[in-house]
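Here the sequence shown stands for residues 195 to 766, where the numbers follow the numbering used here. All C-beta atoms, glycine included, are put in the ideal place defined by N, C-alpha and C. Fair warning: this is a prediction, and the values are worked out from it, not measured in the lab.
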Amino acid sequence: MRLFILFIVCMAALPPAAQAQKKVDRQYFINLLNAGQYDKVFDSCTRLRKEVYGKNAVVDYFIAKSLCLDGYKDKSAYCFNCIIKNFKLSGAKKSFIQEEINTCTAPAAEEAATVAASPDFSYINNVSLPEASVGGKMGKVYDCFTQNQTMNLSNMVSTTELESRLFAINKKPAAIKKIKSITDERYKIDTGGRYVFVTLKKYPLDSVSYAASQLEKAYRFFVSYYGLRAPDQLLTVYMLRDQNALRQTAKLVHGIILPDPNIGYSNLSDLSLLGIGDAKHLGTMYHELFHLVVRTDLGDIPAFLDEGIASLYSVSKWKNDTLLGDYRPWRLEELQEAKHATDKQLQIPPMDKLINYSWDEFDGVETKNVCQVAVNYALSNFIMIYLQEKKMLQQMVTAFKNRPFVPDDPANVKTNLQIFESVVKDSIENFTAHFDDWFSKLYNFSLYKKSAASVINPVSMEQQIDNAWALFYETQEKASRYIAADSFKRLETELRTIEQDYRAVGAQSSAMNAMANSAANNPPVNEQSNVVQQSVPVNDRTAKRNAVQQRLEAYDKKLRKLLFDHMPKTAN
Numbered sequence: 195m196r197l198f199i200l201f202i203v204c205m206a207a208l209p210p211a212a213q214a215q216k217k218v219d220r221q222y223f224i225n226l227l228n229a230g231q232y233d234k235v236f237d238s239c240t241r242l243r244k245e246v247y248g249k250n251a252v253v254d255y256f257i258a259k260s261l262c263l264d265g266y267k268d269k270s271a272y273c274f275n276c277i278i279k280n281f282k283l284s285g286a287k288k289s290f291i292q293e294e295i296n297t298c299t300a301p302a303a304e305e306a307a308t309v310a311a312s313p314d315f316s317y318i319n320n321v322s323l324p325e326a327s328v329g330g331k332m333g334k335v336y337d338c339f340t341q342n343q344t345m346n347l348s349n350m351v352s353t354t355e356l357e358s359r360l361f362a363i364n365k366k367p368a369a370i371k372k373i374k375s376i377t378d379e380r381y382k383i384d385t386g387g388r389y390v391f392v393t394l395k396k397y398p399l400d401s402v403s404y405a406a407s408q409l410e411k412a413y414r415f416f417v418s419y420y421g422l423r424a425p426d427q428l429l430t431v432y433m434l435r436d437q438n439a440l441r442q443t444a445k446l447v448h449g450i451i452l453p454d455p456n457i458g459y460s461n462l463s464d465l466s467l468l469g470i471g472d473a474k475h476l477g478t479m480y481h482e483l484f485h486l487v488v489r490t491d492l493g494d495i496p497a498f499l500d501e502g503i504a505s506l507y508s509v510s511k512w513k514n515d516t517l518l519g520d521y522r523p524w525r526l527e528e529l530q531e532a533k534h535a536t537d538k539q540l541q542i543p544p545m546d547k548l549i550n551y552s553w554d555e556f557d558g559v560e561t562k563n564v565c566q567v568a569v570n571y572a573l574s575n576f577i578m579i580y581l582q583e584k585k586m587l588q589q590m591v592t593a594f595k596n597r598p599f600v601p602d603d604p605a606n607v608k609t610n611l612q613i614f615e616s617v618v619k620d621s622i623e624n625f626t627a628h629f630d631d632w633f634s635k636l637y638n639f640s641l642y643k644k645s646a647a648s649v650i651n652p653v654s655m656e657q658q659i660d661n662a663w664a665l666f667y668e669t670q671e672k673a674s675r676y677i678a679a680d681s682f683k684r685l686e687t688e689l690r691t692i693e694q695d696y697r698a699v700g701a702q703s704s705a706m707n708a709m710a711n712s713a714a715n716n717p718p719v720n721e722q723s724n725v726v727q728q729s730v731p732v733n734d735r736t737a738k739r740n741a742v743q744q745r746l747e748a749y750d751k752k753l754r755k756l757l758f759d760h761m762p763k764t765a766n
């Protein structure tokens, strides 16, 4: 059983006006192309690309097309290929871009024949270039090659409808009215700050103000820390308690059919976030929020950087006003499995390949091997932990934000890897060696060196409790059809009690902690056995923590047995 996070990213369309969330006037640019005003298309789209939401596939397409028609074939082919590499396109859309490359690079006689057969460029409107941006977060999977791993967007509501759901922060009554029109009586709507919270009435938020304050803190951190121009409009947060409710809500609100393991997604077109959690468990929402914020200013962010940083904040904590990714995310298990895997389908990718991956390569579009995808996400996560420690995250995001789209010389353009090397000021070979040494010291096994397997340091209690909640929500969804609802209520109560008891142990008085620390620094020694003995306060506290730990482990086994008993058995 392997955990992984998978994002399906399409493109956001960009309008030419000064407001956030705008639509590109394609017909305007088509008319300019028909009139032979290629320079005007190029200049207008180049300026447009510098605006908020400007870096998207639609704008980039018109830049590449204008270059082709104006005779800059090499630059055009480079830009078209960047669209394929930097954005996730469906098969038909990718084929369309590839055909544009072939047409542009065709011999002069063939090009003339093509133009004669198509005297204008209205055909561009016949191709559904991607305009919506949707990202989905997946939970546990039980088969590396499970089918239907991605969202079904075929019946997604129109872009026009999604844009009608965008409201200024001072327009909350209008936003609430709109949300009521697309949901039903089962849902409860609350507001706080720039957020509209939508929950099921039977599972309302414990504290709307707390959830709003924490999300706002993360929002402001992402904007200021990375120097991003974020959406300054209301964000709609759909907070659900289980996967069944999430799937029903996704279909109701967006017309999206989610795969079974999905536990959350975001939609840039209507600035919405949907996920499983509650006011005290916002890791998935931090993840989705980062995607919404970064893509307003950096729509062509590389896969390893986008997913790596978003995953960094899925398991994180605040230190004053700085959000820090935790050193022990659950993805550590993915790397340990890959390190010792004998199956060639599961490998730790070379770092240079990972950094240069296109979205299709990163997300395993062709192989459909979701376990390898999980490893790609996990490695990216730990690279970001390392860069966070080295204080290089900001420079990395800025370097990719400032990279030029149209090169002076297509034959001499910096790759993702070369940009990465320029930020870390080292070759990828040296960086990999330093990273691997750092990783080995922290986690007791090497990613790239051949070494015997060793035991990983235990995950923190905090993380084990978070993992237990995630497993509870999954078990509730997967096994609810076989087990009575009151049984899950008892399971939820049991986990809450375990968490409360753990907090109580950690909240002992400072005097008790001081006694424990003193005893630990000056332990009494049994001279006959030379065995260090702990003082009573330390024994008492340790005994309580051990008891909670044992209860948590037993609880985890109980949930996993429920899943095992009710899930189909498939071999990876």
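Q530 beta carbon less than 8 Å from that of G599: It is worth fixing the name first, because residue 599 is Phe in this sequence and not Gly. Against a cut-off of 8 Å, the Cβ pair of Q530 and F599 comes out as no contact.
C-beta atoms of Y686 and F666 nearer than 8 Å: The identity of residue 686 in the sequence shown is Glu, whereas the question assumes Tyr. Against a cut-off of 8 Å, the Cβ pair of F666 and E686 comes out as a contact.
A229, buried or exposed, once every other Cβ within 10 Å from all chains shown has been counted against 16: exposed
Of the residues T353, K619, K382, L263, the one placed nearest K584, counting alpha carbons only: K619
Whole-angstrom C-beta distance between N550 and L467, which should lie under 8 Å: With a Cβ gap of about 30 Å, L467 and N550 do not count as contacting.
Selected residue, minimal CA-CA separation from D750, among A678, V509, V569, A664: A664
Proximity below 8 Å, CB of M586 to CB of L506: no
Ranges of the alpha helix (DSSP H) found wholly within the stretch 605-676, counting only runs of at least 4: 610-618, 622-637, 655-673
F391 - containing beta strand (DSSP E), residue span: 389-394
Cβ-based burial, N461 [other Cβ within 10 Å; buried from 16]: buried
I376 to F415 span [Cα, whole Å]: 31 Å
Contact under 8 Å by Cβ, P369 with V402: Reading the sequence as shown, one finds Ala at residue 369 and not Pro. In this structure, V402 does not lie closer than 8 Å to A369 by Cβ.
Inter-residue spacing [alpha-carbon to alpha-carbon] between T240 and I257: 7 Å
Distance between N225 and S238 (C-alpha atoms, nearest Å): 13 Å
Same chain, Cβ closer than 7 Å to E671, neighbours up to 5 away in sequence not counted: D436, Q437, N438
Y480 classed as buried or exposed, judged by whether at least 16 other C-beta atoms fall within 10 angstroms: buried
Cα-Cα separation between Q657 and V351, rounded to whole angstroms: 37 Å
Beta-carbon gap between D384 and A473 smaller than 8 Å: no
Distance CB(N524)-CB(N661) smaller than 8 Å: Checking the sequence, you will find Trp at residue 524 rather than Asn. For W524 and N661, yes; Cβs fall inside 8 Å.
Nonlocal neighbours in the same chain, by C-beta distance under 6 Å from A504, ignoring five residues either side: H481, F484, H485
Nearest neighbour of E501, chosen from L446, I470, A572 [CA to CA]: A572
Beta bridge counterpart(s) of V218 as assigned by DSSP: The partner list for V218 (beta bridge, DSSP) is empty, contrary to what the question assumes.
Sufficient close CB pairs (3 or more, under 8 Å) joining the stretch 531-539 to the stretch 246-264: no
Any non-hydrogen atom of the ligand ATP within 7 Å of V392 CB: Although the ligand ATP was asked about, the structure shown includes no ligands whatsoever.
D384, enclosing beta strand (DSSP E) - first and last residue: 381-386
Proximity winner among A698, T736, E668, D680, relative to K755 (alpha-carbon distances): E668
Among P398, P453, T691, V431, the one whose alpha carbon lies nearest that of V768: Residue 768 lies beyond the stretch modelled for the chain, which goes from 195 to 766, so this question has no answer here.
Residue burial classification, A424 (beta-carbon count within 10 angstroms, cutoff 16): buried
First through last residue of the beta strand (DSSP E) which encompasses M433: 429-434
Beta-bridge pairing of I451 - partner residues as DSSP gives them: N346
Where N364 sits in the DSSP three-state scheme: coil
Distance between C273 and V607 (C-alpha atoms, nearest Å): 11 Å
Limits of the alpha helix (DSSP H) - the one that S403 falls within: 402-420
Cβ-based neighbour list, F223, same chain, cut-off 8 Å, excluding 5 preceding and 5 following: V235, S238, C239, F256
N456, DSSP secondary structure in three states: strand
Beta carbon of I622 nearer than 8 Å to that of A593: no
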